[in-house]
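Worksheet for the structure shown next.
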Amino acid sequence: MNSFRLITTASPWLILACLAAGALYAWLLYSKQAPWPKPLNYALAGLRFVVVSLLCFLLMGPLVRYVSNKTVPPTIVFALDNSQSVQLFSDSAALRATQRELQMVREQLEAQGYQTAVQTLSQSQAQSIAAVAYGAETTNLSQLLQQVQDTYTDQNLAGVVLLSDGIVNQGTSPTYANYGFTLYPVAVGDTVPKQDVLVASLRYNKVNYSGNRFPLEVELQHQGFGGRTVNVVLQENGKTVASKQVLLKDNQPIQQVAFQVLASGLGKRHYVVKAEPLQGEFTTLNNTKHAYIDVVKGKIKVLIAAAAPHPDIKALRTAIESNENYETVLFIPGVHEFKEGDYDVAVLHQLPGRMAGAEPALNLVRQKNLPALYILGPQSDLPNFNRLNVGLNIISSGQTDEVTAVANSGFGNFQLPEQAKERLQEYPPARVPFGEVRLAPNTETILYQQVGRVRTDKPLLAVQTSGDKRNAVLLASGTWQWRLQEAANHEQPQVYNKLITNLVQLLSAPRNKKRLNVYPVQTEYTSSEEIRFNAEAYNEALEPIYGQNITLTVSGEDEAQRTFTFANGENQSGVNIGTLPGGRYTYTATASINGQRQKDEGEFVVEELQLEALNAVADHNLLFQLASNTGSRLYFPGELRQLEQDILQADYKNVIYSQEELNEVVDLKWLFFLLLGLICVEWFVRKYNGSY
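All residue numbers for the sequence shown refer to the UniProt record's numbering, where the first residue is 1 and numbers rise by one.
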């Protein structure tokens with residue numbers, strides 16, 4: 001039921017004054033003798049009375065209060081655990097019969113005035129319970145129930161019928177949550193343990209160095225096979241790399257099997273661990289696990305060269321080596337000897353300097369065109385530094401200035417931690433050369449200088465990000481105090497370490513001079529995730545261009561090829577190729593750019609989760625606890641009619657939702673046109689009848 005009410009901001013007695021004003025105005029205008037008949041004169045006086053009274057009434061600022069009521073019947077949501085385990089370990093005929101019975105319960109509830117809906121693990125709604133397919137690769141009941149609660153918050157959600165086997169392999173347990181509705185669990189699956197051997201999990205490092213052996217640990221579980229021996233096989237590309245005979249023990253249902261694997265070659269490697277089936281096993285679906293590793297060359301070597309011993313050196317080495325993929329070699333003239341080597345990046349502290357002795361490091365950087373981080377300080381030789389053309393020139397008289405660091409929010413080559421802005425403000429001031437700083441066009445600022453409370457446009461830390469060279473310049477020494485201050489305030493110098501390691505990673509990254517760059521958004525996917533590729537195209541000046549037709553060919557380990565054609569756009573530069581089965585994939589992308597054929601290639605992996613095949617035993621205790629938490633009970637497939645009766649006997653009521661609107665009468669458009677119409681009618685009649 002809807003209601004309408006007129007509210008005035010002034011005393012209602014003033015309405016009489018409005019009427020009096022209208023009557024007075026009409027009497028003054030129409031009390032004299034008129035050239036038209038008296039009935040018409042009375043009608044015109046009435047029009048003027050209405051118009052003037054309404055205008056006076058509007059001056060009082062009246063409001064219209066409109067209340068609309070909406071009656072919403074109770075809603076019952078059928079939440080279906082459509083995971084693979086329900087279908088794998090339930091009798092298929094019984095499961096289909098249960099679905100049909102639930103659909104009948106739904107129809108009966110709708111006939112009694114209830115609203116119903118069907119929700120699945122994929123967060124999608126289904127039209128019919130009987131048509132739901134059981135293909136979800138993971139089970140997250142907590143997310144499913146939370147999604148139902150969020151979706152039907154304002155829709156009079158009375159209860160949720162949950163069809164599940166109680167097996168949860170992702171997210172938190174739903175028993176820890178508080179739901180604002182009654183839960184009616186329907187239990188399917190089998191709670192009787194089966195004879196089974198399964199590979200529960202694999203433990204290994206996802207990144208390993210070429211030529212090294214890495215451990216791959218297998219967690220093997222069994223039920224009912226004590227005293228038997230199982231053969232565990234490790235394979236790569238269909239060939240057996242290693243195998244072990246494992247004696248299954250009655251009193252040890254979980255056993256560890258360790259392999260030492262040689263990481264050969266470079267790139268993505270795909271290993272398969274199999275427990276060979278034993279006679280009498282309930283299922284062999286969980287006998288296999290896949291491991292995907294990335295084999296890379298040895299650690300990135302960083303040369304740290306300094307003009308003289310300095311506390312910065314210790315802070316820099318500690319920050320760099322916080323990343324296990326980096327190792328440092330130190331060179332200080334007269335303290336540490338220079339070691340020839342195959343370095344990937346150099347850190348030059350106050351070099352070029354005013355003192356001799358550091359020439360070997362400078363010559364190495366120059367001859368091998370090594371990317372380098374230059375740190376300036378009192379011992380730096382600025383004229384020689386400017387001649388290096390590393391993206392930044394300084395014109396200084398030798399004076400210094402104290403500044404603090406401010407992050408450049410527009411720098412996008414790497415991201416600092418979220419707390420970087422606050423922690424940078426806590427760092428002690430650093431001394432920088434005072435003077436004019438000139439940036440080359442191919443140089444970006446990472447940190448700006450701030451003098452007192454004034455942020456300047458002078459860089460404190462800058463990096464070359466394009467062109468033939470990639471170098472960075474930090475205009476301040478003494479930054480060891482930054483690391484010390486952050487560690488004192490926050491226990492871990494996370495921002496300082498991340499800044500240095502990200503910078504070294506950016507400098508040591510391979511120079512990308514490709515004119516076509518096609519790459520997957522992630523290097524690792526699961527078999528349930530959609531795979532998306534991004535694409536970038538460049539002209540001869542390495543400027544981005546758009547609208548290029550790109551052909552992408554994806555090949556799996558089975559040598560089957562999938563081809564996709566798309567164009568890179570300014571706002572949408574990629575393609576979604578959908579889901580793929582587990583395995584290692586390579587891809588090749590080609591395009592014709594300005595008449596020249598460009599090519600890019602790479603690889604990625606799709607991991608087969610196989611979580612649903614790990615546990616063949618239903619967990620009805622979890623469903624029982626869910627029912628108890630909401631004041632309900634656990635139902636089995638043969639009790640669905642009782643479920644229907646219990647929902648109807650709960651006698652859930654309709655809920656009335658009210659919505660109130662408060663508007664000023666003067667804002668009503670129809671009222672404006674009404675007054676305008678009355679005035680026009682009066683004017684027309686007067687003129688037509690010879691108004692004086």
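Backbone N, C-alpha and C define an ideal beta-carbon position, used for all residues, glycine too.
Helix, strand or coil at residue i [DSSP, three-state]
| i | result |
| --- | --- |
| E324 | coil |
| L506 | helix |
| V495 | helix |
| V50 | helix |
| P311 | helix |
| E110 | helix |
| S128 | coil |
| K421 | helix |
| T229 | strand |
| E426 | helix |
| F214 | strand |
| K38 | helix |
| Y367 | The amino acid occupying residue 367 in the given sequence is Gln; Tyr does not appear at that position. The answer is helix: DSSP assigns Q367 an H, G or I state. |
| I500 | helix |
| D558 | coil |
| L439 | strand |
| K514 | coil |
| A187 | strand |
| V105 | helix |
| V86 | helix |
| V521 | coil |
| N549 | strand |
| N663 | strand |
| V345 | strand |
| Q149 | helix |
Cutoff 7 Å; reference residue i; Cβ partners in own chain excluding five residues on either side
| i | result |
| --- | --- |
| T120 | L80, N82, A126, V132 |
| K301 | E327, V329, G341, D342, Y343, D344 |
| R633 | A627 |
| Q221 | L198, A200, P253, I254 |
| L247 | T229 |
| S3 | V67 |
| P277 | T284, N287 |
| Q103 | S128, I129, A130 |
| L362 | L351, P352 |
| Q155 | V72, T75 |
Same chain, Cβ closer than 6 Å to residue i, neighbours up to 5 away in sequence not counted
| i | result |
| --- | --- |
| T588 | T553, E601 |
| Y635 | V186, L643 |
| Q449 | V403, T456, K458, L460 |
| Q659 | S68 |
| K297 | S210 |
| G61 | T9 |
| I7 | L63, R65 |
| P637 | T98 |
Integer-rounded CB distance, given that residue j should sit under 8 Å from residue i
| i | j | result |
| --- | --- | --- |
| E607 | E524 | 6 Å |
| E236 | Y271 | 5 Å |
| A591 | A537 | 6 Å |
| Q84 | E530 | Actually they are not in contact, since the Cβ atoms of Q84 and E530 sit about 19 Å apart, beyond 8 Å. |
| A319 | N497 | 4 Å |
Bridge partners - residue i, DSSP secondary structure assignment
| i | result |
| --- | --- |
| F338 | According to DSSP, F338 bridges with nothing at all. |
| A462 | T445, V473 |
| E402 | R431 |
| I76 | T116, G159 |
| Q235 | T240, V272 |
| A591 | I550, Q598 |
| A407 | L447 |
Cβ neighbour criterion (16 or more within 10 Å) applied to residue i
| i | result |
| --- | --- |
| Q596 | exposed |
| V335 | exposed |
| K70 | exposed |
| G578 | exposed |
| residue 723 | Here the chain has residues from 1 to 692 only, and residue 723 is not among them. |
| F338 | buried |
| L234 | buried |
| S90 | buried |
| V347 | buried |
| N549 | exposed |
| K368 | exposed |
Residues of its chain near residue i, where Cβ-Cβ distance is below 8 Å and the 5 sequence neighbours each way are ignored
| i | result |
| --- | --- |
| C56 | A17, C18, A21, G22 |
| Q256 | E217, V218, E219, L220 |
| P581 | S527, G556, V606, E608 |
Proximity test, residue i beta-carbon vs the ligand NAD heavy atom, cut-off 7 Å
| i | result |
| --- | --- |
| V302 | Annotation note on the ligand NAD: not contained in the displayed structure, which lists no ligands. |
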